[in-house]
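Visitor: Got a structure here, written out as structure tokens. Questions coming.
Protein chains in written order, with our numbering: chain A, 1 to 509; chain B, 1 to 509.
Laid out in structure tokens, this is it:
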């Protein structure tokens, strides 16, 4: 059987640009994973790791023009957005380099012997070690930041884990280019090229998660694809951690007082957030709970005006376009669902943004309207109008897990009057990031960031953005009674590396 | 259908002592889980949680005599060991109370807005919140420390999670007594009794892990039972974290130089460790790699003498006794396996300790001898004699994951001469705890402790003993742009609670 070709496709025309590669066979996946496994010793030195990450950022920046051009040709996301995304990606690589240098992520804990404890405590010295080869499944919608050189790869390398990336079929040419840049950066530091493997093809992705030498996986994508891989990871003879970011509705609550205070600004802000990047963000607000009545009507009017002004856009691929058009049509057909601006097909290759409205009470019980509680990828949102707090709470109680949950409060509510704190407490169980008077699109790279949430937002309790993302790829080991001469330098009393640590109960920083 | 009775059985006689309860129906499991879920708000206040944990310890100590008597009647572990285990359990409850008070486990990270970041960072404040109801599966071999009031329960309550415990059928009467003590302690602090639920029965255990309101599970037990529950947790519509400690061989390497230096002491120490608690520890050394030749012969001789002197003991139940007798017989039947002291049946209700020897080369390739690389619960170990380093490394490369790995070194090797560091590096990938010149039995409760390891030692990268065990039951949440007035007090700038935290990159302790 001939190897299946991997084509780069222009979503603006639907035409094939070039054949980039062929899909990897099981044997090729095996070779790639073994090469990554062999490369792990080259990442043992933290100083080498952080230098590698910084060189990777430098070289990605140096290659910017060609990378952005290829990315735009394959994704139609536009050079402005893609230039920004590449800058974010480089910032992220450098942020992880800083984390590696600081060393707090090693989580060093030292206990000297304590005969007064029950039972007595021997000499115990614990830190975290890398898990091994990490499989990274790239996202369609972030060709830089959640792909070959994205957060999963950056955090895995920071942890000391080589990666094998499964390229997303929406940007195979860019994936090859970025992998080459990473390997060039690795070579500068004497790290073998195998440290960043790259494979193409659906079957190769399945082989990858089942490979005995793959120790963990990171995934950003759909519920269906992510769940299938999660299931495969769990069904292995030796299961592995699978950190998948699968899907999110990202509910937004608008209080009556907030709408009364600034319906127009909220409507315009919402339009901007839900249509940003042609609605192709995992944190796109997909369900908005707005009050019934006059203030809510003003909000809908403002949203209508702003969304009507939005130009049609090109989605990442034609399958997504088909799914979007079918998805919004199916939702719009539900009885008593209205479409103040009808989303759907634009020209031959584009889609136009729109939104649906529905009475919140329709969502309060299981039934046909549950479709409105499922993510629909693309520039559409559902505005559910609630009559009272009971209806609002009823809808919230039916939501699956989310990456984000947002509430818009009036100035007085934000100052602590009214139900602001209560609503925050109600939203917290639903999501990993809770916002007040903001929009969920835009996920900052920061130590405090948490990009994750209850299932299906993520398949674990971890984050794929921010400083703590590195924790996903490590496991603790404790050394008991190991003589000073044999201890890893990180665990010696003298702390010549100046690591933050817990030392006989005291936190040292 | 009548509810199946749950009997307390005396393993010293095999006779039923009393009917303790009946197995819980699906409906009873549901009621118990819902009661736990309703109790979660009562754990929101950290001060209440730590006070509850301390009261629980006080009241368990106050009830000591009755508890130890019942425990001994059901497990035959003896009053000395059980009194010590209860003391350990109370120490552990208080240790977690201290962790709750300190608050470092909340992992507070605060980022003020930073316009210079790419993309700009908004106000982000992150900490960890409890996951919800935790299902705890009790162990047979630790009726106190890994059961109703054990490490999973203590760490879950510390995290703010109510628990529903699945009682182990080997000590149902004790389980009821301990649950009552915990509920009395809860009542002292106004916490509803539902905060510690208890169910009996195999089917109830399956219902529990599948219940939609159960948010995570902790398990200590066999590979077969643990894997079945892990699979059920992963197959749920919304999968949950399953922290299972399943099985471990706990390899021990004796270097040639160590054997030459102190073969007799090592043999005697090994005999003590492998027969401690009638060999019923998850960290029992189950495979010992000893050198061929004269020094190794001395070690085997010393082990022979010491094990021969060990009195027969009662295992936790008769099924275990049957499995032990069958398991050692099957192993002893392998060609060229010798039994310097033959393990097996003692009197009608006891077993006698013993050990097997085999040439290490037999274990180097897949085949019938793989049975010797599987845990055999009870007082038996396998001594594999290696001719050279190649054989040693060959066996190590074939081992599954372990809770512990141990090496005995000579004084010079411990001082850094020879292959000590190299062997430590080879053992580290195999286990969660690596020991030099000690024995793995005895798991201290300490901040640095790690009781876990690569599968099947555990189904996750977490620990079930030690301070970081609390992390298993929490997930991070970040608040973005939340006004001071609405922020949880833990996340405000002023830090009135004095929490250790990361504040704009700086570690504050």
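Just so it is clear, CB atoms sit at the ideal spot from N, CA and C, and this is done for glycine as well.
DSSP three-state label for residue 66 (chain A), please.
Guide: Residue mapping note: residue 66 (chain A) aligns to position 66 of the first chain, counting from 1. Looking at residue 66 (chain A) - three-state DSSP - the assignment turns out to be helix.
Visitor: Show which residues of chain C have a CB atom less than 7 Å away from the CB atom of residue 437 (chain B).
Guide: Considering every chain present, this structure includes no chain C. Its protein chains are A and B.
Visitor: Does at least one heavy atom of the ligand PLP sit under 7 Å from the Cβ of residue 387 (chain A)?
Guide: Only the bare structure without any ligand can be found here, which leaves the ligand PLP out of the picture.
Visitor: Mapping the DSSP letters down to three states, classify residue 225 (chain B) as helix, strand or coil.
Guide: Reading the second chain from its first residue, position 225 is the one you call residue 225 (chain B). Three-state result, residue 225 (chain B): helix.
Visitor: Below 7 Å between beta carbons is the criterion; list the residues of the segment 405-418 of chain A that meet it against any residue of chain B, in chain order.
Guide: From the segment 405-418 of chain A, only 414, 415 and 416 have a Cβ closer than 7 Å to chain B.
Visitor: For the segment 445-456 of chain A, which residues have a beta carbon sitting closer than 9 Å to at least one beta carbon of chain B?
Guide: Within the segment 445-456 of chain A, the qualifying residues are 445, 446, 447, 448, 449, 450, 451, 452, 453, 454, 455 and 456.
Visitor: Looking at the structure shown, is residue 452 (chain B) part of a helix, part of a strand, or coil, going by DSSP?
Guide: Counted from its first residue, the second chain places residue 452 (chain B) at position 452. Coil, per DSSP.
Visitor: Compare the C-beta of residue 434 (chain B) with all C-beta atoms of chain A and state if any pair is closer than 8 Å.
Guide: Counting from 1 along the second chain, the entry for residue 434 (chain B) is found at position 434. Interface residue, yes.
Visitor: Nearest to residue 461 (chain B) by CA position, among B:90, B:3 and B:453, is which residue?
Guide: Within the second chain, the letter at position 461 stands for residue 461 (chain B). The shortest C-alpha separation from residue 461 (chain B) is found at B:453.
Visitor: Looking at the structure shown, is residue 499 (chain B) part of a helix, part of a strand, or coil, going by DSSP?
Guide: Here residue 499 (chain B) corresponds to residue number 499 of the second chain, with the count starting at 1. Residue 499 (chain B) falls in the coil class under three-state DSSP.
Visitor: Pull out every residue of the segment 111-127 of chain A whose Cβ sits closer than 8 Å to any Cβ of chain B, in chain order.
Guide: Those would be 111, 114, 117, 118, 119, 120, 121, 122, 124, 125 and 126, in chain order.
Visitor: On a CA-only basis, which of A:248, A:259 and A:308 is nearest residue 272 (chain A)? Give me that one, please.
Guide: To locate residue 272 (chain A), count along the first chain from 1; it is residue 272. Measuring from the Cα of residue 272 (chain A), the nearest candidate turns out to be A:308.
Visitor: Residue 476 (chain A) and residue 463 (chain B) look like a contact to me (Cβ under 8 Å); what is the Cβ gap, rounded to whole Å?
Guide: Translated into the one-based positions of the first chain, residue 476 (chain A) becomes position 476. Translated into the one-based positions of the second chain, residue 463 (chain B) becomes position 463. Yes, residue 476 (chain A) and residue 463 (chain B) are in contact; Cβ-Cβ is about 7 Å, under 8 Å.
Visitor: When you compare each of A:411, A:215, A:387 and A:480 to residue 455 (chain B) by their alpha carbons, which one comes out closest?
Guide: For the purposes of this step, residue 455 (chain B) is taken as residue 455 along the second chain, with counting starting at 1. Comparing Cα positions, the closest option is A:215.
Visitor: Would you check if the segment 152-169 of chain B and the segment 471-489 of chain B touch, i.e. whether three or more CB-CB distances between them fall below 8 Å?
Guide: Yes, the segment 471-489 of chain B touches the segment 152-169 of chain B.
Visitor: Please classify residue 506 (chain A) as buried or exposed, where buried requires at least 16 other C-beta atoms within 10 Å of its C-beta.
Guide: Along the first chain, one-based indexing puts residue 506 (chain A) at 506. Residue 506 (chain A) comes out exposed.
Visitor: Is it the case that the Cβ atoms of residue 251 (chain B) and residue 287 (chain B) are separated by a distance below 8 Å?
Guide: Within the second chain, numbered from 1, the residue matching residue 251 (chain B) stands at position 251. Within the second chain, numbered from 1, the residue matching residue 287 (chain B) stands at position 287. Their beta carbons are under 8 Å apart, which means residue 251 (chain B) touches residue 287 (chain B) by this criterion.
Visitor: So with Cβ pairs under 8 Å, would you call residue 500 (chain A) a contact of chain B?
Guide: As a first step, residue 500 (chain A) is located in the first chain; it is residue number 500 there, counting from the start. Interface residue, yes.
Visitor: Are the C-beta atoms of residue 420 (chain B) and some chain A residue less than 8 Å apart?
Guide: Stepping through the second chain from its first residue, residue 420 (chain B) is reached at position 420. Residue 420 (chain B) counts as touching chain A.
Visitor: Just reading off the alpha helix (DSSP H) that residue 137 (chain A) is part of, what are its end residues?
Guide: Translated into the one-based positions of the first chain, residue 137 (chain A) becomes position 137. Per DSSP, residue 137 (chain A) belongs to no alpha helix (DSSP H); it is in the beta strand (DSSP E), 133-137.
Visitor: According to the neighbour-count rule (16 or more other Cβ atoms, all chains shown, within 10 Å of its Cβ), is residue 387 (chain B) buried or exposed?
Guide: Indexing the second chain from 1 puts residue 387 (chain B) at position 387. Result: exposed.
Visitor: Answer yes or no: does any C-beta atom of chain A fall closer than 8 Å to that of residue 394 (chain B)?
Guide: Counting from one through the second chain, the residue named residue 394 (chain B) turns up at place 394. Judged by the 8 Å Cβ criterion, residue 394 (chain B) is not in contact with chain A.
Visitor: Determine contact between the segment 489-503 of chain B and the segment 110-126 of chain B, defined as no fewer than three beta-carbon pairs at a distance below 8 Å.
Guide: These segments touch.
Visitor: So, under 8 Å CB-CB, residue 445 (chain A) and residue 126 (chain A) are touching, yes? Tell me the CB distance rounded to an integer number of Å.
Guide: Translated into the one-based positions of the first chain, residue 445 (chain A) becomes position 445. Translated into the one-based positions of the first chain, residue 126 (chain A) becomes position 126. That belief does not hold up - the Cβ atoms of residue 445 (chain A) and residue 126 (chain A) are roughly 28 Å apart, past 8 Å.
Visitor: Find the residues of chain B that neighbour residue 428 (chain A), judging by a C-beta separation of less than 7 Å, and give them in chain order.
Guide: Taking the first residue of the first chain as position 1, residue 428 (chain A) is located at position 428. In chain order: 129 and 477.
Visitor: Please decide whether residue 219 (chain A) counts as near chain B, where near means a Cβ-Cβ distance under 8 Å.
Guide: Along the first chain, one-based indexing puts residue 219 (chain A) at 219. Chain B contact via Cβ: absent.
Visitor: Can you grab the Cα-Cα spacing for the pair residue 411 (chain B) / residue 90 (chain A), in whole Å?
Guide: Taking the second chain and counting its residues from 1, the one referred to as residue 411 (chain B) is at position 411. Taking the first chain and counting its residues from 1, the one referred to as residue 90 (chain A) is at position 90. Approximately 49 Å between the Cα atoms of the pair.
Visitor: Residue 50 (chain A) by DSSP, collapsed to three states: which one?
Guide: Working through the first chain from its first residue, we reach residue 50 (chain A) at position 50. The answer is helix: DSSP assigns residue 50 (chain A) an H, G or I state.
Visitor: Using DSSP bridges, identify the partner residues of residue 21 (chain A).
Guide: Locating residue 21 (chain A) in the first chain gives position 21, where the first residue counts as 1. Answer by DSSP bridge pairing, in chain order: A:6.
Visitor: Please compile the residues from chain A whose C-beta is within a distance smaller than 8 Å of the C-beta of residue 424 (chain B).
Guide: Position 424 of the second chain, counting from 1, holds the residue named residue 424 (chain B). The answer, in chain order, is 479, 482 and 486.
Visitor: How about residue 197 (chain B) and residue 165 (chain B): are their beta carbons less than 8 Å apart?
Guide: By one-based count along the second chain, residue 197 (chain B) stands at place 197. By one-based count along the second chain, residue 165 (chain B) stands at place 165. Their beta carbons are under 8 Å apart, which means residue 197 (chain B) touches residue 165 (chain B) by this criterion.
Visitor: Does any residue of chain B bring its CB to less than 8 Å from the CB of residue 83 (chain A)?
Guide: Translated into positions along the first chain, residue 83 (chain A) becomes position 83. Chain B contact via Cβ: absent.
Visitor: Leaving out five residues before and five after residue 245 (chain B) in sequence, what residues of the same chain have Cβ atoms less than 6 Å from its Cβ?
Guide: Walking along the second chain from the start, residue 245 (chain B) turns up at place 245. Cβ within range, chain order: 220, 458 and 464.
Visitor: On the premise that residue 295 (chain B) lies in contact with residue 265 (chain B), defined as a C-beta separation below 8 Å, what is that separation, rounded to the nearest angstrom?
Guide: Along the second chain, one-based indexing puts residue 265 (chain B) at 265. Along the second chain, one-based indexing puts residue 295 (chain B) at 295. Residue 265 (chain B) to residue 295 (chain B), Cβ: 12 Å. No contact.
Visitor: Step through the CB atoms of chain B and report whether any lies within less than 8 Å of the CB of residue 239 (chain A).
Guide: Here residue 239 (chain A) is taken as the residue at index 239 of the first chain, counted from 1. Interface residue, yes.
Visitor: Using a Cβ-Cβ distance cut-off of 8 Å, determine whether residue 442 (chain A) contacts chain B.
Guide: Position 442 of the first chain holds residue 442 (chain A). Interface residue, yes.
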